[in-house]
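Presented below is the structure to which this report refers.
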Amino acid sequence: MINLILNKNIARRFTNFLNSEKGGKRIPYGLGSKLIASFCNSSYAREIHFKNKLILLDEFLANMQDPPGIEDLLPLILVSNFSRTWRSMAISYMGTKKLQSYCTFNGLDKFDACYRQGKGVILVNSHFGFAESALSIFPNLGYRNFSTIVRAKGTTSLKIKGLNPKVTPNLLIFRDHTNVELFKQLFKARDVLKSGGVFHILGDGYHGKSSITINFLGRARGFRASFTELGLSTEAFIFTIFITSDVKGYLTVDLIGPLDKGDETMDHQARVEHMTRQYATLLEERWKKEPQHINWGFMDKYLRQIKLNLE
1 MINLILNKNI ARRFTNFLNS EKGGKRIPYG LGSKLIASFC NSSYAREIHF
51 KNKLILLDEF LANMQDPPGI EDLLPLILVS NFSRTWRSMA ISYMGTKKLQ
101 SYCTFNGLDK FDACYRQGKG VILVNSHFGF AESALSIFPN LGYRNFSTIV
151 RAKGTTSLKI KGLNPKVTPN LLIFRDHTNV ELFKQLFKAR DVLKSGGVFH
201 ILGDGYHGKS SITINFLGRA RGFRASFTEL GLSTEAFIFT IFITSDVKGY
251 LTVDLIGPLD KGDETMDHQA RVEHMTRQYA TLLEERWKKE PQHINWGFMD
301 KYLRQIKLNL E
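Numbering (my numbering), first residue to last: 1 to 311.
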């Protein structure tokens, strides 16, 4: 473990450089992961830098059934939510062998077998763990016909523009709060799938077609059905993906699928809800079992959602 002597000025300079384009290119992934682990394990990080986030975490845990203690989640929840921009960039500059040395893949064989059938694969990600790393991991592994949908505002982020150009995915861009533009990009996604490619989408985002309200950990949570509509309008397989990290930066990539699309005895809406609920259940289980990987922003959104009376 690298020992860091920290104060507010040093911490600001450290995080600013780490999350700069230069930091993403110059700081090797292994070294950067050690620096992040040391920073997140410091008393400065816990008592000052993450003070407000730990208040949020305490409120969230108070709303869980049989919650772990905060100390059980530290420092990993801090590592999971710190310098994600740097991690996205640094991972994209790894060679394939180096990347594979840092990743444990579960379900990749099944994913690859479906991909090789040429019918297309929908990869449903979430705001959980290191979701962003999927954007460069799969092109790096050789899945070159890989597209993702992104808001126009997101393209200016270093999580996108700071990626190694050699493994940057094809971007299907829609303007903020413009559903018509979003639907146009989803039609393009259908073409990607029909050509046998991979289409990456966030299943728990707040942009998309009709919302299906589901009981998610005792709160009313709307899930967008865009990925299910694409699945039904093509022959594409649907996989969910969860990418998490340990404190040292080693990644576990879990690919789960293909999801069951239902059958012809079900009407269209029933099949949409059937697939959406499969995904929501998988995500809910992750939140229950691995709260240390929950995105701060989505933790806050959860607490703002309507609490259901289940008695």
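Ideal Cβ placement from N, Cα and C applies to all residues, glycine included.
- Query: Applying the criterion that 16 or more other CB atoms from any shown protein chain within 10 Å of the CB defines a buried residue, is D204 buried or exposed?
  - Reply: buried
- Task: Pick helix, strand or coil for K248, following the three-state DSSP scheme.
- Result: coil
- Item | Contact set for G231: own chain, Cβ-Cβ below 7 angstroms, skip 5 residues either direction | I122, I238, K261, M275
- Message: Nearest by alpha-carbon distance to I149: which of L303, T168, D300 is it?
- Response: T168
- Item | With 16 other Cβ atoms within 10 Å as the buried cut-off, status of L31 | exposed
- Message: In the DSSP output, what is S33 paired with across the bridge?
- Response: The partner list for S33 (beta bridge, DSSP) is empty, contrary to what the question assumes.
- Answer with buried or exposed for N9, where buried requires no fewer than 16 other C-beta atoms within 10 angstroms of its C-beta. exposed
- Where Q65 falls, given that 16 or more other Cβ within 10 Å makes a residue buried: exposed
- Quick one: measure Cβ to Cβ for V253 and T104, integer angstroms, because I've assumed they're closer than 8 angstroms. 7 angstroms
- Item | Which listed residue (K153, N41, L282, L61) has its alpha carbon closest to that of I214 | L282
- Task: Report the residue from P258, L182, Q292, N309 whose alpha carbon sits nearest the alpha carbon of R219.
- Result: N309
- Query: Does DSSP put I256 in a helix, in a strand, or in coil?
  - Reply: strand
- Among G257, I294, K184, the one whose alpha carbon lies nearest that of R110: The sequence shown places Lys at residue 110, rather than the Arg named in the question. Among G257, I294, K184, the Cα nearest to that of K110 is on G257.
- Could you name the residues that DSSP lists as bridge partners for F174? R151
- Message: Classify S136: buried if its beta carbon has 16 or more other beta carbons within 10 angstroms, exposed otherwise.
- Response: buried
- Query: Start and end of the alpha helix (DSSP H) containing N19?
  - Reply: No alpha helix (DSSP H) holds N19; DSSP gives it neither H nor E.
- Message: I'd like to know whether the C-beta atoms of T85 and G162 end up nearer to each other than 8 angstroms.
- Response: yes
- Under a Cβ-count criterion, where at least 16 other Cβ atoms within 10 Å of its own Cβ denotes burial, should K159 be classed as buried or exposed? buried
- Item | Pair within 8 angstroms by beta-carbon distance, D300 and L56 | yes
- Element boundaries [alpha helix (DSSP H), containing R144]: Per DSSP, R144 belongs to no alpha helix (DSSP H) and is neither H nor E.
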